[in-house]
Amino acid sequence: MSQYLILIYEDETRYETASPEVTAEITAEHEAFAAGVEAHGAKLLGGEALQPTGTATSVRGGSEVTDGPFVETKEALGGYYLVDAPDLDTALAVARTVPARFGGVEVRPVMTFD
Amino acid sequence: MSDPAGASAVAAAVADAHRREWAFVLAATVRVTRDLDVAEECVQEAFAAALTDWRRSGVPTRPGAWLTTAARRRALNVVRHRGVESRYLPLLVEEETLPGPGDALDDEGAPIPDDRLRLVVTCCHPALDRPAQVALTLRLLCGLSTAEVARAFLVSEPTMAARITRAKKKIAVARIPYRVPPAAELPERVDAVLSVVHLLFTTGHTTPVGDELVRRDLVERSVELCRMLRRLLPRDPAVAGLLALLLLTDARRETRTAPDGRLLLLEEQDRARWDRAAIAEGVSLVREALRARPPSRYALQAAIAAVHAESPRWEDTDWREVVALYDVLVRLWPSPVVALNRAVAVGFASGPAAGLAALDALSAEPQLAGYGYLPAARADLLRRLGRVAEAREAYTEALLLTQNAVERAFLEGRLRGTGG
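Residue numbers (this note's numbering), protein chains in the order written: chain A, 1 to 114; chain B, 115 to 534.
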């Protein structure tokens with residue numbers, strides 16, 4: 001088994017303007033996602049949603065502190081899941097079920113050191 | 115085993131085995147090593163050993179089996195020496211698969227899962243970008259050296275080496291599985307494989323840059339790859355359609371240029387010299403491929419090629435049938451390039467004015483900006499309408515966008531013909 005980080009990139013302005021119904025729907029989708037991971041032969045190790053990029057502070061070179069995210073993009077990192085999967089195809093099958101209606105996800109293998 | 119053979123006969127036999135059996139031998143060896151690089155080394159060594167061994171013992175009756183045994187024996191040694199401490203083992207995930215619908219039959223008539231199918235879907239995995247898919251396919255399925263792959267795609271050898279290394283690293287690190295995908299995913303994956311083979315063919319059929327019109331090696335490699343897929347997936351209509359398209363298109367190869375190297379249009383080609391065997395095979399494959407609902411884009415393109423191939427003379431071409439096939443193609447597989455070809459066919463079915471109207475509807479297509487065939491097609495329709503000044507302008511524009519010497523010479527000739 002290998003670990004994969006599924007990074008969720010979405011247009012966060014869409015969340016700012018979403019109705020409470022839509023927000024509730026998305027929350028339910030995330031719950032359904034988490035419940036369905038093992039059916040793919042993978043395991044959910046963790047995951048979190050992040051506060052919007054407006055709350056981000058960047059530090060460069062260990063000293064230069066600036067307001068805002070490290071990279072300014074329309075679709076920003078808004079959360080992640082960490083999964084254990086036997087191969088990339090399984091990780092991708094899981095990634096396809098991650099709710100990300102305002103953007104998409106990126107799947108990255110986690111580096112192992114030995 | 116036959117009698118000991120002469121050096122040139124052995125060299126020819128090894129070259130032939132390299133062309134035919136490379137993918138088979140490599141795929142069978144990857145099973146042992148689970149590591150593409152080690153497998154490649156072992157297979158290369160096996161081919162090198164064949165050059166000397168076959169001189170002594172004669173060319174074996176089944177060169178592929180001999181090479182597979184030799185390569186796998188080397189691979190087992192490497193794996194044993196490397197031992198369990200290797201952190202790269204296993205790099206490739208392999209599961210014991212059950213025979214699938216597309217599997218070939220072994221000597222006893224039992225289905226065997228073919229390693230080559232695993233290799234080709236791995237090379238064309240959607241997690242790899244298209245240039246990487248193409249490079250890996252040429253390297254691992256065709257056995258081309260990095261230098262040869264670099265030459266085929268007009269990039270420097272270090273660039274190609276880096277591209278191949280990066281792709282192999284991704285296969286290993288991201289754990290792209292070495293297996294035939296489940297039936298539900300197979301059509302999508304086969305589609306990616308067919309796109310790569312088609313791209314190889316079109317790159318060879320009309321080389322984008324250079325002095326020759328056709329890159330024979332690329333065309334032949336892609337036809338062989340497609341034949342291999344046909345053996346592995348005998349019931350897949352898209353595979354049948356692509357093979358038909360390649361055969362019907364390539365049947366005209368020898369007549370596309372005059373002895374002096376000049377480009378010859380379809381209407382000028384000597385149809386008696388078209389490859390009749392390839393056409394017959396292509397036509398029978400088209401019939402099979404068109405039975406699928408909906409037909410694949412390759413089947414429709416092949417059907418169009420078949421109309422030309424079966425027409426005894428240019429004047430007899432059934433342009434209405436060609437346009438009708440393009441209509442279906444545009445509907446099922448909308449693409450500005452397909453629409454451009456359709457407009458050209460309309461120009462023959464209903465006259466140059468109708469063709470020009472269809473073509474002008476495409477002038478705003480961003481995908482066709484910088485596409486040399488658009489002004490070239492426009493120039494031809496304008497020339498046929500006697501609008502000489504505009505035709506000259508369009509030929510000049512097409513010339514700016516064409517880097518193939520044979521095509522440039524053709525366009526320059528047309529430009530002179532219109533008094534430019």
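Just so it is clear, CB atoms sit at the ideal spot from N, CA and C, and this is done for glycine as well.
- Against chain A, the CB of B:P295 has a partner CB under 9 angstroms away; the residue lies at that interface.
- For A:L82, the enclosing beta strand (DSSP E) has its first and last residue at 75–85.
- Between B:L250 and B:K282, the C-beta spacing is below 9 angstroms.
- Counting only residues of its own chain and dropping the five nearest sequence neighbours on each side, B:L359 has a CB closer than 7 angstroms to the CB of Y412, Q415, A416, A419.
- Looking at the DSSP output, A:E48 sits in a beta bridge with A:Y80.
- The three-state reading of DSSP puts B:T183 in helix, counting H, G and I together.
- A straight line joining the alpha-carbon of B:T516 with that of B:T147 spans about 46 angstroms.
- Across the segment 70–93 of chain A, CB contacts with chain B closer than 7 angstroms involve P86, D87, L88, D89, in sequence order along the chain.
- Proximity to A:E31 across A:P99, A:S63, A:A85 peaks at A:P99, based on C-alpha coordinates.
- When the beta-carbon positions are compared, B:R497 and B:G531 come within less than 9 angstroms of each other.
- Nearest to B:V307 by C-alpha distance, out of B:V157, B:A184, B:C237, is B:C237.
- Flagged as an interface residue toward chain B: A:V107, by a C-beta distance shorter than 9 angstroms.
- In this structure, B:T320 keeps its C-beta atom at 9 angstroms or more from the C-beta atom of B:L313.
- Within the same chain, A352 come within 8 angstroms of B:D305 by CB-CB distance, once the 5 residues on both sides are set aside.
- Within its own chain, the residues whose Cβ lies closer than 6 angstroms to the Cβ of B:A264, once the five positions on either side in sequence are excluded, are E271, M274, listed in chain order.
- For B:A185 and B:V235, the gap between their C-alpha atoms comes out near 22 angstroms.
- Secondary structure of A:I6 (DSSP, three-state): strand.
- Identification of chain A residues near B:A241 by a Cβ-Cβ cut-off of 7 angstroms yields L88, ordered along the chain.
- For A:S58, the pairing in a beta bridge is given by DSSP as A:T66.
- A:E106 sits close to A:I6, with the two beta carbons spaced by under 9 angstroms.
- Straight-line spacing of the CA atoms in A:A91 and B:A298 works out to 17 angstroms.
- Annotation: A:S58 has no Cβ neighbours in chain B at a cutoff of 7 angstroms; minimum Cβ distance is about 28 angstroms.
- Per DSSP, the beta bridge partners of A:V107 are A:I6.
- Across the structure, B:A505 and B:R330 are spaced so that their CA atoms are roughly 33 angstroms apart.
- Distance check between B:N191 and each of B:V173, B:E159, B:R176 places B:E159 closest, using alpha-carbon atoms only.
- For B:Q383, no pairing in a beta bridge is given by DSSP.
- Rounded to the nearest angstrom, the Cβ distance from B:R145 to B:D229 is 6 angstroms, consistent with a contact under 8 angstroms.
- Proximity of chain A to B:V287 at the Cβ level (cut-off 7 angstroms) is accounted for by P109, in chain order.
- The three-state secondary structure of A:V98, taken from DSSP, is coil.
- In this chain, A:M1 is not harboured by any alpha helix (DSSP H), its DSSP state being neither H nor E.
- Taking one beta carbon from each stretch, the segment 360–368 of chain B and the segment 384–401 of chain B have 3 or more pairs nearer than 8 angstroms; the two touch.
- The Cβ atoms of B:T316 and B:F267 lie no closer than 9 angstroms to each other.
- Following the DSSP letters along the chain, one finds B:F138 inside the alpha helix (DSSP H) bounded by residues 121–147.
- For B:C238, there is no enclosing alpha helix (DSSP H), as DSSP marks it with neither H nor E.
- Interface with chain A (9 angstroms Cβ-Cβ cutoff): B:P291 is included.
- Neighbours of A:S2 in chain B, taken as residues at a C-beta separation under 7 angstroms, are given in chain order as R289.
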